[in-house]
Amino acid sequence: MGTGLGTGRPARPAGTVDSVSADPARNLASQPARGHRTSAVEVRRSARRRQTVSAYRDGDRTVVLIPARMSAAEEQRWVAVMLEKLAAQESRRMPGDDELAARAERLSEQYLTGRAVPDTVRWVTNQNSRWGSCTPSEGSIRLSHRLQGMPEYVIDYVLLHELAHLLVPGHGPAFWKLLECYPRTERARGFLEGVVAADRLPHAPGGREGPGIGDGRDTRGDREGRESREGHEVRGE
């Protein structure tokens with residue numbers, strides 16, 4: 001049996017870096033480093049922008065915002081620069097599976113007296129309609145890669161949610177009692193509810209179930225959900 005948390009689209013990307021003057025003469029053009037993610041690039045020109053350039057991920061696209069007066073050569077240069085900056089920012093924010101497993105162990109010790117001991121904890125990229133899922137019979141926990149870049153307290157909440165399912169199946173009173181020990185449970189749930197609302201999903205979360213939380217189904221074969229903005233934005237310097 002498995003369980004999971006639903007996914008969606010945040011209203012605004014997290015992790016914004018302050019913008020400064022975007023004078024191309026002060027910056028060297030760079031190409032995305034090998035091994036970085038690739039995606040379609042959409043360039044949006046704005047008459048309101050005068051000296052700033054910014055970029056963020058929007059699903060499988062990268063959106064780059066530039067001043068309307070920028071030349072084609074400057075546009076090409078800044079797209080390369082911003083793709084590099086995004087990739088660097090994301091690489092700093094994406095913990096590997098080993099770090100995620102260590103994080104789960106710490107959370108279990110801190111909030112569940114160490115009783116929840118998963119066999120595996122890992123990121124997955126084929127779980128787009130759920131934030132996280134758990135298969136208690138296998139002791140496995142899987143978190144959607146779309147959580148990467150979101151606030152740490154949100155990731156901790158999803159991890160704790162799945163850890164709690166190793167101890168209590170379903171979402172009854174005993175399950176929610178376990179999560180009361182985490183002081184940011186309601187704040188994290190509110191954040192995820194806002195993500196779902198921003199994605200304009202046709203269903204509305206109800207009661208303590210939260211946005212798209214599973215009811216005991218194995219979610220390993222989850223079908224692709226809506227694309228979500230991954231929450232990474234940088235601005236030119």
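Be aware that the sequence shown starts at 1, since it is given in the UniProt record's numbering, and climbs by one per residue.
Built from N, CA and C at the ideal position, the CB exists for glycine as well.
Predicted model only: the values in this text are computed from it and were never measured.
1. Excluding the 5 residues preceding and the 5 following Asp156 in the sequence, name in chain order all residues of the same chain whose CB lies nearer than 7 Å to its CB.
2. Check whether the region 172-183 and the region 128-144 touch, using three or more Cβ-Cβ pairs below 8 Å as the test.
3. Round the Cβ separation of Leu167 and Leu178 to the nearest angstrom and send it over; I've been treating them as touching at under 8 Å.
4. For Ala55, which of helix, strand or coil comes out of DSSP?
5. Once you ignore the five residues that flank Gly96 on each side, which residues in its own chain have a CB closer than 6 Å to its CB?
6. With a floor of 4 residues, list each alpha helix (DSSP H) that falls wholly inside the UniProt domain "YgjP-like metallopeptidase" (124-188), ordered by position along the chain.
7. Go ahead and label Ser71 buried or exposed: buried means 16 or more other beta carbons lie within 10 angstroms of its beta carbon, across all protein chains shown.
8. Which residue wins for smallest C-alpha separation from Val124, given the options Arg115, Ala73 and Leu143?
9. Thinking C-beta only, is Val79 closer than 7 Å to Val64?
10. Per DSSP, what kind of secondary structure is Arg50 in: helix, strand or coil?
So, from the data block:
1. Leu107
2. no
3. 7 Å
4. strand
5. none
6. 152-165 and 173-179
7. exposed
8. Leu143
9. yes
10. coil
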